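Below: one structure, written as structure tokens.
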Amino acid sequence: NRLREETGNDCVYLLGHSEGGLMVSAAATQMEAGLCGVILIAAPGRMLGDVLREQLRANPANAPILDDAMRTIDRLEGGDNVDVSDMHPALQGLFNPLVQDFLISMFGTDPADLVTNIEAPVLVIQGDRDIQVAVTDAQRLADAGGDLVLLEGVNHILKAAPEDRAGNLATYADPDLPLADSVVPAIAGFVKG
């Protein structure tokens, strides 16, 4: 509402990347007017606990901490806060007590259900080389009521990425790499269309 007032526009677009896709989807379901559309980029289409489990299991280096991580996700999904003081430091950061209530809330939210309840047009943008959120997540969101644009050769952080995992991850640490060429036209086409 504030953006509409400041710009004089009748409506605004909400754009969310990754977990931000859940945030803007939830916000969009609460808006009664003034929403032009919603853009979900690399957003999970499954329950966030399932996505997090898959991400943790995908990295072989996580083997020593997987049991603790899976138990913690299970407990948070059940609505319980968890004492992390005896956990591996990586898990203490991931499941920091300051974010546990947020995680409990997100673990109980089905992203596809949110999309179903959005009354404005929804665009789902997904890179086919995203190693954090799968193309099947994007398809699930599109099936719930969005239009899917699949970006070839694009990873989770919207950069052109090689197929190999190490090369893909290397793009995360290179701030000089620009957005992939297909990202801005996909968004602009939806906004202008």
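For the sequence shown, the residue numbers in my numbering are 48 to 240.
Note that CB positions come from ideal geometry on N, CA and C, so glycine has one too.
Predicted model only: the values in this text are computed from it and were never measured.
Practice problem: Could you please give me the residues that DSSP links to H64 through a beta bridge? | Solution: As a first step, residue 64 is located in the sequence shown; it is residue number 17 there, counting from the start. H64 pairs with I88.
Quiz prompt | Euclidean distance between Cα positions of V85 and L69 | solution = The residue labelled residue 85 in the question sits at position 38 within the sequence shown. The residue labelled residue 69 in the question sits at position 22 within the sequence shown. When rounded, the distance between both Cα atoms is 11 Å.
Self-check item: Backbone secondary structure at D228 - three-state DSSP
Solution: Translated into positions along the sequence shown, residue 228 becomes position 181. Of the three classes helix, strand and coil, the one that applies to D228 here is coil, per DSSP.
Quiz prompt | Bridge-paired residues (DSSP) for D190 | solution = The count along the sequence shown starts at 1 and reaches residue 190 at position 143. DSSP output for D190 lists no bridge partner at all.
Quiz item: beta strand (DSSP E) containing V169: first to last residue?
Solution: The sequence position of residue 169 within the sequence shown is 122, counting from 1. Counting along the chain, the beta strand (DSSP E) containing V169 begins and ends at 169–174.
Quiz prompt | Straight-line gap, G193 to E199 (C-alpha atoms, nearest Å) | solution = Position 146 of the sequence shown, counted from the first residue, corresponds to residue 193. Position 152 of the sequence shown, counted from the first residue, corresponds to residue 199. Each residue's Cα considered, the two are about 19 Å apart.
Quiz item: So T119 packs on L138, CB below 8 Å; how close in whole Å?
Solution: Here the question's residue 119 lines up with position 72 in the sequence shown. Here the question's residue 138 lines up with position 91 in the sequence shown. Their Cβ separation, rounded to whole angstroms, is 7 Å, which keeps T119 and L138 in contact under 8 Å.
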